[in-house]
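Each remark here refers to the structure printed beneath this line.
There are 2 protein chains.
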Amino acid sequence: MTLEEIARLAGCSRSTVSRVINHDPNVRAETRERVWRIIKEQDFQPNLAARALAGRRSRVIGLVIPQPLSTIFTDPFFSMLIHGCALACDERGYYLMLSLVLRQANDTYHWLIRARHLDGLLLAPPLINDPFVPHLLDKRLPLVMIGRIPGRTDISTVNIDNIKGASLATQHLLKLGYTRIATITGALNLVGALDRLEGYLCALREAGIEPPSEYIQEGDWSEASGRRAMECLLQATPPPEAVFAASDSMAIGAMKAIQAAGLMVPNDIAVVGFDDMPVAATVDPPLTTVHHPIERIGFLAASMLIEKLETPPTQASWANVQHIVLPARLVIRMSCGQALRCSAHPTDV
Amino acid sequence: MTLEEIARLAGCSRSTVSRVINHDPNVRAETRERVWRIIKEQDFQPNLAARALAGRRSRVIGLVIPQPLSTIFTDPFFSMLIHGCALACDERGYYLMLSLVLRQANDTYHWLIRARHLDGLLLAPPLINDPFVPHLLDKRLPLVMIGRIPGRTDISTVNIDNIKGASLATQHLLKLGYTRIATITGALNLVGALDRLEGYLCALREAGIEPPSEYIQEGDWSEASGRRAMECLLQATPPPEAVFAASDSMAIGAMKAIQAAGLMVPNDIAVVGFDDMPVAATVDPPLTTVHHPIERIGFLAASMLIEKLETPPTQASWANVQHIVLPARLVIRMSCGQALRCSAHPTDV
DNA sequence: CATTCGCCTGGGAGCGCTCCCAAATTTTTT
DNA sequence: AAAAAATTTGGGAGCGCTCCCAGGCGAATG
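Given below as structure tokens:
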């Protein structure tokens, strides 16, 4: 089944059918309807390879997550991100290709791009100074970054306001009266982790507090690392009264360490997380955290990229760089100790 | 950069370059080398869309995992499976497309297949009586199943011997002297879970033991479900001395339930898992389990599919159905209590 | 030495679309 | 009513490959 055959059945030409499929407005309403009816009737799908070859675009966009497969497929963060991207692609008739990094990242993407298989790229937060990014830009491949990249304003980005979010969380702890506030950071070779650390520091300094260096522990986003970091924090003298963890997983790890030490959250030590992942609401006690609309970010990034792809490069393409920064919002639950300071129910270790 | 240009640089014709790229033996060695050199020099990649259009195949195979995204991206099982498939594809110059099920599965795949975007499909274990499978077969799309599908021998499969594996695990517990052996099954709408249950039952019956129905608890593969199931088992009178869990996650959940009840593994209750995921070796106590070479299974399934695709359909295609069943192997660690019955070190709850 | 056979090589004919221009049709204007 | 303008339609020319057939060349054969 081809365009030509549909055209024959509809009593018009190949070109008209093509116009209908591509939503070209220059088709008489009546003709359009007739053609659509035949297309539906025959359950016709245009051949993607032919479209790609003739139209010089594949309608496939790649999502690159510079992390090992085992991380991508274990952290629900990525599941949500991918879901958001996939939804946007679906809505606009694009295909999302997860670029699975097996060999050298450079090679693989380079390959796909050169083979004209990819129209554009979504790039999840790369490591700081990732050599891959300049490599991609040189190719002038349409690119949207999820997360910001310091020192470059020529790449479109979608991001949450990490600094503000971390600030909000820390300020909330300050407001509750805690002064010995520690933090467990994410992996510090990621901009997001640095930003959250900065937000934490800013909030404390604004309150005139300079945290001792032992109050700043580096994690790697995982629950296990949160647990280890908290174990270190418990050794500090004096130990902190509250902890801001840069991710919910780490916050949960920290809570487990606290509970394993025979202490209680939030009565003995308050904990605040970041990301507001689904688990945050169901752990015990429910975790106070900063909401991070990951799925929405993925959706926006993919939409932005598709928009770019479909806008003819009339204006200088360097000019239409956009930066979307979504506001962070604090979700107050029990783990920070607000109303709960006297009514906590014991946890079931 | 096109075939034609490479040909010009190499002083030969488009056809010859095409032959070189496609490893056609009918090219003089000297010419072949010269052409390869130019290709490397120019960093040339043939246009995929053109190849797909002219060659009537896309070199893209789809991997369908009939599970919600959140499951796929959370269970390391799938990460390993995907990795295996991706490696095989990479090796043979194919692309793996994860088919993300957003809307109706039927629709999405139907779509991709009709648009000639997919040459073949890898299908991870579908639910029993999944209406999707017959749908796919009607299309005569090359298909390889990971896991078996009862009552159909016309689909190629790659699988581990689940029945034998579960038997081995149960027999091992019997050999250690346990007689009150319970099981935590996987989700029973999956063939794999049924097979593992069957293996467990067979082993017990061979030993002349008929387990009471309360010794058989259904889980859903998750750690949480293992924990819940174990809590039920602990209520049984008399409680079991040993538990065979149909997955490592559930086994770990069970161990946590046992430890939370103030009992010890394996001294009070022995636990055996299934899958031998990386965590199995690192939990405390290390988990005795059945090795499941998931990555290898993915690799084999993808290789088999590609083989099918590249074999011209000379012989009746219905005839070349293959079933690979990999043997299961027991990995004995500490959690079953073997040597450990008197030397267990306490766990750090 | 002419003939046959094998091995290489070149080029034509598409694959099923999109893009573009020109022709046909309709609508608006004078 | 004819002319001009706007709208709608048709078909040619590719996109960059693969497939196939025909032709060139040298070695083996009679």
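Order-wise, the sequence lines are chains C and R. Residue numbers for the first sequence follow the numbering used here, so the first one is 1085 and each next one is one higher. Residue numbers for the second sequence follow the numbering used here, so the first one is 1085 and each next one is one higher. Backbone N, C-alpha and C define an ideal beta-carbon position, used for all residues, glycine too.
Buried or exposed (CB count within 10 angstroms, at least 16 for buried), residue i
i                  : result
histidine 1407(R)  : exposed
serine 1297(R)     : exposed
glycine 1357(R)    : buried
threonine 1267(C)  : buried
arginine 1140(C)   : exposed
aspartate 1238(R)  : exposed
alanine 1341(C)    : buried
lysine 1392(R)     : buried
asparagine 1131(C) : buried
alanine 1330(R)    : buried
alanine 1136(C)    : buried
proline 1234(R)    : exposed
aspartate 1108(R)  : exposed
glycine 1168(C)    : buried
glutamate 1307(C)  : buried
Inter-residue spacing [alpha-carbon to alpha-carbon] between residue i and residue j
i                     : j                  : result
tyrosine 1138(R)      : cysteine 1096(R)   : Note on residue identity: the sequence assigns alanine, not tyrosine, to residue 1138(R). About 21 Å.
phenylalanine 1128(R) : alanine 1338(C)    : 51 Å
alanine 1253(R)       : threonine 1372(R)  : 9 Å
proline 1150(R)       : arginine 1264(C)   : 49 Å
glycine 1249(C)       : glutamate 1282(C)  : 10 Å
valine 1242(C)        : leucine 1180(C)    : 18 Å
arginine 1236(R)      : methionine 1085(R) : 48 Å
glutamine 1188(C)     : proline 1215(C)    : Residue placement at glutamine 1188(C) cannot be trusted, given a pLDDT of 47 that sits under 50; the coordinates are not used to answer.
isoleucine 1123(C)    : valine 1217(C)     : 42 Å
glycine 1261(C)       : methionine 1334(C) : 23 Å
aspartate 1245(R)     : glycine 1231(R)    : 9 Å
leucine 1221(C)       : leucine 1205(C)    : 11 Å
alanine 1170(R)       : leucine 1184(C)    : 8 Å
alanine 1326(C)       : glycine 1276(C)    : 21 Å
glutamate 1125(C)     : arginine 1417(C)   : 54 Å
asparagine 1351(R)    : asparagine 1404(R) : 51 Å
aspartate 1360(R)     : leucine 1414(R)    : 9 Å
isoleucine 1156(R)    : alanine 1134(C)    : 32 Å
glutamate 1114(R)     : arginine 1098(R)   : 17 Å
alanine 1345(C)       : arginine 1312(C)   : 12 Å
arginine 1143(C)      : isoleucine 1336(C) : 40 Å
alanine 1091(C)       : asparagine 1110(C) : 16 Å
phenylalanine 1162(R) : leucine 1207(R)    : 12 Å
glycine 1292(R)       : methionine 1229(R) : 35 Å
histidine 1375(R)     : asparagine 1106(R) : 39 Å
isoleucine 1247(R)    : glutamine 1255(R)  : 12 Å
For residue i: DSSP bridge partner residues
i                  : result
methionine 1085(C) : Bridge partners of methionine 1085(C): none, in fact.
glutamate 1302(R)  : Thr1269(R)
methionine 1229(R) : Leu1207(R) and Thr1241(R)
leucine 1180(C)    : Ile1145(C)
aspartate 1359(C)  : His1375(C)
isoleucine 1435(R) : This structure leaves residue 1435(R) out entirely; chain R is present only between 1085 and 1433.
leucine 1414(C)    : Val1374(C)
Proximity test, Cβ basis, 7 Å: residue i and chain C
i                     : result
serine 1154(R)        : yes
leucine 1132(R)       : yes
serine 1387(R)        : no
leucine 1182(R)       : yes
phenylalanine 1328(R) : no
histidine 1167(R)     : yes
alanine 1170(R)       : yes
Chain R contact for residue i (CB, 7 Å cutoff)
i                     : result
leucine 1258(C)       : no
serine 1163(C)        : yes
leucine 1137(C)       : yes
threonine 1366(C)     : no
threonine 1086(C)     : no
phenylalanine 1157(C) : yes
proline 1160(C)       : yes
histidine 1376(C)     : no
histidine 1201(C)     : yes
Any non-hydrogen atom of the ligand NAD closer than 6 Å to residue i Cβ
i               : result
proline 1350(R) : Summarising the ligand content, the structure contains no ligands, and the ligand NAD is consequently not present.
**Request:** Mind listing, in chain order, the continuous beta strand (DSSP E) runs of no fewer than 3 residues lying wholly within the region 1282–1357 of chain C?
**Result:** 1300–1302, 1326–1329 and 1354–1356
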